[in-house]
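Engineer: Chains as they are written, first to last, in the numbering used here: chain A, 58 to 506; chain B, 2 to 246. We put the CB at the ideal spot given by N, CA and C, even for glycine.
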Amino acid sequence: MATLVTPLSGWGRFPVQHCELDRPERYADLRPASVSLIARGQGRSYGDAALNDNGRVLLTERVNRLLEFDVEQGILRAEAGATLAEILDVIVPQGWFLPVTPGTKFVSLGGCVAADVHGKNHHHDGSFGNHVLGIELILADGSRVACSPSEKSELFWATVGGMGLTGIIGEVALKLIPISSDFVQVRNHAADNFEQLFRLMQDATFDDRYAVAWIDSMAAGAQLGRGIAMCGHHATQEEFRPGFRNAIKPKRSRAIPFDFPAFALNRLSIAAFNGLYFRQEGGKREPFLSGYDSYFYPLDAIGNWNRLYGKRGFVQYQCVIHEAVAFDGIRQLLQALSDSRRPSFLAVLKRLGAQGKGLLSFPLAGYTLALDLPIRDQGLFTLLKKLDEIVLQHGGRVYLAKDARLSAESFRAMYPRYDEWLKIKKLVDPENRFSSSLSRRLEMGGAHE
Amino acid sequence: MSEAVLILGATSAIARATAAAFAARGAALYLASRDAEELRRIAADIQVRYGVAVQHGLFDAEATDSHTAFFKSVLAAMPKLSGVVLAFGYLGDQQAARDFNVGAKVIAANFTGAVSILSHCANYFEPLQRGFIIGISSVAGDRGRQSNYVYGAAKGALSLYLQGLRNRLYASGVRVITVKPGFVDTAMTYGLPGMFLVASPQAIGERIARTLDKSADVVYLPWFWRYIMLIIKHIPEAIFKRLKL
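(1) Tell me the DSSP secondary structure of A:Q373 in three-state form.
(2) Output the distance between the C-alpha atoms of B:I232 and B:G195, rounded to the nearest integer angstrom.
(3) Below 8 Å on the Cβ atoms is my contact criterion, and I expect A:Y354 with A:T140 to pass it. Report the Cβ-Cβ distance as a whole number of Å.
(4) Per DSSP, what are the beta-bridge partners of A:G204 in this structure?
(5) Between the alpha carbons of A:T262 and A:L116, how many angstroms are there, rounded?
(6) Could you check whether A:S238 and A:F297 sit closer than 8 Å to each other, using their CB atoms as the reference points?
(7) Would you identify the three-state DSSP class for A:G278, choosing helix, strand or coil?
(8) Would you be able to state if there are at least three C-beta pairs under 8 Å between the stretch 272-280 of chain A and the stretch 392-406 of chain A?
(9) So, does the CB of B:Y191 fall closer than 8 Å to a CB anywhere in chain A?
(10) Within its chain, find whatever has a CB closer than 8 Å to the CB of A:K306; leave out the 5 residues flanking it on each side and keep chain order.
(11) Where does A:R498 land, buried or exposed, given buried means 16+ other C-beta within 10 angstroms?
(12) Can you find a C-beta in chain A that's less than 8 Å from the C-beta of B:V180?
(13) Can you find a CB in chain A that lies within less than 8 Å of the CB of B:R26?
(14) Measuring CA to CA, which of B:G174, B:L244 and B:F197 is closest to B:L129?
(15) What first and last residue would you give for the alpha helix (DSSP H) that runs through A:R324?
(16) Can you pull the chain B neighbours of A:L14, defined as C-beta to C-beta under 8 Å?
(17) Ordered along the chain, which non-local residues of its own chain (more than five positions away) have a Cβ less than 7 Å from that of B:P237?
(18) Who are the neighbours of A:F126 on chain B, taking C-beta pairs under 8 Å?
(19) Counting beta carbon pairs with one atom in the stretch 366-384 of chain A and one in the stretch 225-235 of chain A, are three or more of them shorter than 8 Å?
(20) For a test of the three-state rule: what should DSSP assign to A:Q389, helix, strand or coil?
(21) Does DSSP classify A:N178 as helix, strand or coil?
(22) Does the beta-carbon of A:A304 have 16 or more other beta-carbons within 10 angstroms, so that it is buried, or is it exposed?
(23) Return yes when the Cβ of B:E39 is within less than 8 Å of the Cβ of A:R324, no when it is not.
(24) Helix, strand or coil for A:N303? Go by DSSP, reduced to three states.
(25) Can you look up A:E506 in the DSSP assignment and give me helix, strand or coil?
(26) Write down every uninterrupted run of the beta strand (DSSP E) in the stretch 238-269 of chain A whose length is 3 residues or greater and which is fully enclosed by it, in chain order.
(27) Give a yes or no on whether 8 Å exceeds the smallest Cβ distance from A:E82 to chain B.
(28) Report yes or no: is there a C-beta of chain A within less than 8 Å of the C-beta of B:I43?
(29) Which two residues bound the contiguous beta strand (DSSP E) that contains B:L7?
(30) Return helix, strand or coil for B:S216, following the three-state DSSP convention.
(31) When the distance is taken between beta carbons, is A:L222 closer than 8 Å to A:G502?
(32) Mind the definition here: the stretch 194-210 of chain B touches the stretch 103-121 of chain B only if three or more C-beta pairs lie below 8 Å; say whether that holds.
(33) Taking three-plus beta-carbon pairs below 8 Å as touching, is the stretch 180-200 of chain B in contact with the stretch 74-85 of chain B?
(34) Grouping DSSP H, G and I as helix and E and B as strand, with all else coil, what is B:G206?
(35) Shorter than 8 Å from the beta carbon of B:D46 to some beta carbon of chain A?
(36) Could you round the C-beta distance between A:A106 and A:L457 to whole angstroms and report it? I think they count as a contact, below 8 Å.
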């Protein structure tokens, strides 16, 4: 089996690094190498989490078999290379859904565990790891070990959110949730400024299983932080009108065939789009039904949307602010962004529930803000440094699955359970065989940097 | 008609995709290969995704002595066997040309083993006057090149064998289809230099299953390889021997 040496990047297309790719097709070929290795699923982490500069990257995409589906209990066991899209194709027609889903279904199961991803329902259901019944992990010595919340639980919680650094995730067993239709009942509520929007997100009467707010990142001054709160739940049989399905035309998926020129996304075009979106979506007063695809995965309808940001790529900055100071913290972040006059095509606010058991998991009780920022010049990194400080001052942290530029020092301050994690890492991988560009940048894993 | 198909060499990427394409048409499957763990995993996957019956068993193409018993066990498990896909193959490496021990393995895996198991299949289908045999050969069998001529010779021999078998079984109404894939994106070709027009195993698998709906006897996949090979076959030997291919 040959390896392929090629420039590689994450979804943000920054940074680009030379990596040695290995793409096994057999489960037995998921194994550590004599050199530094990191597993990579669909490459949908944004920064350098699934990169290994001058090291080995193990592509898991071909090791994607669905092994067991208990239709009665809603339990699915699959190899970690399987994508959520493949899983949905099988489970939705049988009346089951993913307990937690990120904003794209083109991610691997292993990636969901390694990044302990969250969705719009974290404040109710927690993160992905909460619903994982068990995994099979391939360790640095090549052995396969089963771990779960009850068996080798320390290793399990070091792997959930562990960014692939404890071993190669081979198999995952997942508890699904039942649904009675494949539609989502959605309510939108427009808010003219951040105070209104934030109050909406806290309002228990407006809340639902899924809740998210879109923020018009270009609005400034009195309108700073205006946006639309959107919440929803899987439509019940009563809400789902028969015959409705026929009224919805399946959307054709389109792809961005080339890199947009750098000027395509500018302050003017984004402001125009945002104004339009605010009026269109904010104008929806009545609850409405939405297919699960367009509700959970609107961007999946545009293949390679990352090319919209041009050749130089972009950074997605996602952070969480502790709930006690969330209003001030998020407002300061939005103000800093507005002052920088840098356009952000996307600004999304979500509520997060209690912190889970994953030692390096991102979510903690509070509010998370995600911004897509195109890389135009080095000034962006100065701004992000400033945002890091605001986050740290407000008891928050930056999401590693999105990150491409955090400092090791800030990482340590943001992830206080790192030392606990390191103890387990050293136990199972004393030679630090599993490492990535991210782990070296953040100085994770110990001696063999 | 619902089919019952035996896939020989079921754990390669092309075979896996072909099995999936047959399952999507509702076919029951019997997957056979040397790799017990992969067989279990692929069989489970196809069962979960397509809800068809999938059985599996160990099969070693090179161990021709075991083929009689193997085929008997397939028929016991799947009495209504309606077709066979021969998907095993072994590329070997450059060594094959210089070291006969390696070359012999390439010949055994690609040709001798195929002749052995297909003779059982042909003898079974012939009196029943039904059934199909799809043999996956290779464009490498169309002309000998310095880079892989032992593999090419074995695949070329397989193509000739399938041609003869087709001629023999025509009278009995048993179809024999020769499939010649070009470059396919599999573990066999991953990371190799000089690959072009590489097809996905899914696309090849779907087209292999669809050969049953058409009447062609020899199918290049994707189709344009027919013309690429036509050109390559017609380069005069005096020129061809000087090329670095």
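Structural biologist: So, from the data block:
(1) Working through the first sequence from its first residue, we reach residue 373 of chain A at position 316. A:Q373 falls in the strand class under three-state DSSP.
(2) The residue given as residue 232 of chain B occupies position 231 in the second sequence. The residue given as residue 195 of chain B occupies position 194 in the second sequence. The alpha-carbon atoms of B:I232 and B:G195 are separated by roughly 18 Å.
(3) Your numbering for residue 354 of chain A matches position 297 in the first sequence. Your numbering for residue 140 of chain A matches position 83 in the first sequence. About 12 Å separates the two Cβ atoms, so there is no contact after all.
(4) Sequence index remark: in the first sequence, residue 204 of chain A carries index 147 (1-based). The sequence shown places Cys at residue 204 of chain A, not Gly. Within the DSSP bridge table, the entry for A:C204 names A:I192 as partners.
(5) Here residue 262 of chain A refers to the residue found at position 205 of the first sequence. Here residue 116 of chain A refers to the residue found at position 59 of the first sequence. Taking the straight line joining both Cα atoms gives about 45 Å.
(6) One-based indexing of the first sequence puts residue 297 of chain A at position 240. One-based indexing of the first sequence puts residue 238 of chain A at position 181. Yes, the Cβ-Cβ distance between A:F297 and A:S238 is below 8 Å.
(7) Position 221 of the first sequence, counting from 1, holds the residue named residue 278 of chain A. A:G278 falls in the helix class under three-state DSSP.
(8) Segments in contact, yes.
(9) The count along the second sequence starts at 1 and reaches residue 191 of chain B at position 190. Yes, B:Y191 lies at the interface with chain A (some Cβ there is under 8 Å from its Cβ).
(10) Reading the first sequence from its first residue, position 249 is the one you call residue 306 of chain A. Because A:K306 carries a pLDDT of 48, less than 50, the predicted location of this residue cannot be relied on, and the following value inherits that uncertainty. In its own chain, leaving out the 5 sequence neighbours on each side, no residue places its CB closer than 8 Å to the CB of A:K306.
(11) Reading the first sequence from its first residue, position 441 is the one you call residue 498 of chain A. Counting Cβ neighbours within 10 Å, A:R498 comes out buried, since at least 16 surround it.
(12) Translated into the one-based positions of the second sequence, residue 180 of chain B becomes position 179. False, the Cβ-Cβ gap to chain A never drops below 8 Å.
(13) Taking the first residue of the second sequence as position 1, residue 26 of chain B is located at position 25. Contacts with chain A at 8 Å (Cβ-Cβ) do not include B:R26.
(14) On the second sequence, residue 129 of chain B is found 128 positions in, with the first residue counted as 1. Checked all of B:G174, B:L244 and B:F197; the closest Cα to B:L129 is B:G174.
(15) On the first sequence, residue 324 of chain A is found 267 positions in, with the first residue counted as 1. Here the alpha helix (DSSP H) through A:R324 covers R324 to G339.
(16) As shown, chain A starts at 58 and ends at 506. That puts residue 14 of chain A outside it, with no answer to give.
(17) As a first step, residue 237 of chain B is located in the second sequence; it is residue number 236 there, counting from the start. Here the set comprises nothing.
(18) Position 69 of the first sequence, counted from the start, is the residue given in the question as residue 126 of chain A. For A:F126, the residues of chain B that pass the 8 Å Cβ criterion are V49, in the order they occur in the chain.
(19) Segments in contact, no.
(20) Counting from 1 along the first sequence, the entry for residue 389 of chain A is found at position 332. A:Q389: helix per DSSP, three-state reduction.
(21) The residue labelled residue 178 of chain A in the question sits at position 121 within the first sequence. A:N178 falls in the coil class under three-state DSSP.
(22) Looking up residue 304 of chain A in the first sequence gives position 247. Model confidence at A:A304 stands at a pLDDT of 45, short of 50, so the residue's coordinates are unreliable; what they give is reported in the following sentence. The residue is exposed, with fewer than 16 neighbouring Cβ atoms inside 10 Å.
(23) For the purposes of this step, residue 324 of chain A is taken as the residue at position 267 of the first sequence. For the purposes of this step, residue 39 of chain B is taken as the residue at position 38 of the second sequence. No, they are not a contact pair.
(24) As a first step, residue 303 of chain A must be located in the first sequence, where it is residue number 246. Unreliable positioning characterises A:N303 in this predicted model, as indicated by a pLDDT of 47, which lies under 50. The coordinate reading is nonetheless provided below. For A:N303, the secondary structure class from DSSP, reduced to helix, strand or coil, is helix.
(25) The residue given as residue 506 of chain A occupies position 449 in the first sequence. For A:E506, the predicted model reports a pLDDT of 43, less than 50, meaning its position is unreliable; a value from the coordinates is still stated below. In the structure shown, A:E506 sits in coil (DSSP, three-state: anything other than H, G, I, E or B).
(26) 240-248, all fully within the stretch 238-269 of chain A.
(27) Sequence index remark: in the first sequence, residue 82 of chain A carries index 25 (1-based). Yes, A:E82 counts as interfacial toward chain B.
(28) Within the second sequence, numbered from 1, the residue matching residue 43 of chain B stands at position 42. Output row for B:I43: interface = yes.
(29) In the second sequence, residue 7 of chain B corresponds to position 6, counting from 1. A5 to L9 is the extent of the beta strand (DSSP E) around B:L7.
(30) Within the second sequence, residue 216 of chain B is the residue found at index 215, counting from 1. Coil at B:S216, not helix or strand.
(31) For this step, residue 502 of chain A is matched to residue 445 along the first sequence. For this step, residue 222 of chain A is matched to residue 165 along the first sequence. Yes, these two residues count as a Cβ contact at 8 Å.
(32) As far as the Cβ criterion goes, the stretch 194-210 of chain B does not touch the stretch 103-121 of chain B, which means the pair count is below three.
(33) Below 8 Å, too few C-beta pairs join the stretch 180-200 of chain B and the stretch 74-85 of chain B to call them touching: fewer than three.
(34) For the purposes of this step, residue 206 of chain B is taken as residue 205 along the second sequence, with counting starting at 1. It is helical.
(35) As a first step, residue 46 of chain B must be located in the second sequence, where it is residue number 45. True, the Cβ-Cβ gap to chain A drops below 8 Å.
(36) Sequence index remark: in the first sequence, residue 106 of chain A carries index 49 (1-based). Sequence index remark: in the first sequence, residue 457 of chain A carries index 400 (1-based). Rounded to the nearest angstrom, the Cβ distance from A:A106 to A:L457 is 6 Å, consistent with a contact under 8 Å.
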